[in-house]
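Only one structure is covered here, and it is reproduced in the block below.
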Amino acid sequence: MPSIEENLRRLGITLPPAPKPVASYIPFVTVGELIFISGQLPSREGRVAFQGSVPQPISLEHGQEAARLATINALAILHEACGGQWQRLGRIVRLSVFVQSQPDFYQQSTVANGASDLLLAVLGESGRHARVAVGVSALPLNSTVEVELLAAIRAA
2 MPSIEENLRR
12 LGITLPPAPK
22 PVASYIPFVT
32 VGELIFISGQ
42 LPSREGRVAF
52 QGSVPQPISL
62 EHGQEAARLA
72 TINALAILHE
82 ACGGQWQRLG
92 RIVRLSVFVQ
102 SQPDFYQQST
112 VANGASDLLL
122 AVLGESGRHA
132 RVAVGVSALP
142 LNSTVEVELL
152 AAIRAA
């Protein structure tokens, strides 16, 4: 079975440094065997890469890309929260995806598949999760999506 690092390489993904908070919160909280990852935006190098609502001006496909990018940022924080040791990751418990949506857009779950499919590709069975996909009228920094993770870990 390929390792998480091998899966990331195969997919051409290099995890960025864990994004810094953009407001008054911390990137993650560990409670017992659970890690709560704060909401992550689809940012690169400190800038939101996807802004606006789906399906206009952001297409459904670009919304999926935004969800994927936000999930890469969440994985960077998760890796840090695990002390850089992927073997501590038990599984992803829940994924929440908030999609900035036009009032007549009803495919938030399809946008969220960009995040879910990435978790499965990188983490395999431990990436299977419960999920929430919600349409909202606005997100911080006009972001197209915001992704939140809940993960189970093993003791160090």
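Numbering of the sequence shown is given in our numbering, commencing with residue 2 and proceeding in unit increments. Positions of the beta carbon are idealized from the N, C-alpha and C atoms, including for glycine.
| query | Alpha carbon to alpha carbon, what distance is there between Asp105 and Val94? | reply | 30 Å
| message | Here's a check: name, in chain order, each residue in its chain whose Cβ is nearer than 6 Å to the Cβ of Val49, leaving out the five neighbours to either side. | response | Leu42, Leu142, Ser144
| said: If you measure between the beta carbons of Leu96 and Val148, is that distance less than 8 Å? | reply: yes
| query | Which residues in the same chain have their Cβ closer than 7 Å to the Cβ of Phe29, if we skip the five residues on either side of it in sequence? | reply | Ile36, Phe37, Ile38, Ser39, Ile78, Ala82
| Under the rule that 16 or more other beta-carbon atoms within 10 Å means buried, what is Val55, buried or exposed? | buried
| request: Within the stretch 91-130, note down every full beta strand (DSSP E) run reaching 3 residues or more, in order along the chain. | output: none
| field | Exposed unless 16 or more other CB atoms sit within 10 angstroms - verdict on Leu76 | value | buried
| DSSP beta-bridge partners of Ser44 | Val49
| said: I'd like to confirm the pairing. Which residues does DSSP put opposite Arg132 in its beta bridges? | reply: Leu96
| query | If we count the other Cβ atoms within 10 Å of its Cβ and call it buried at 16 or more, is Arg45 buried or exposed? | reply | exposed
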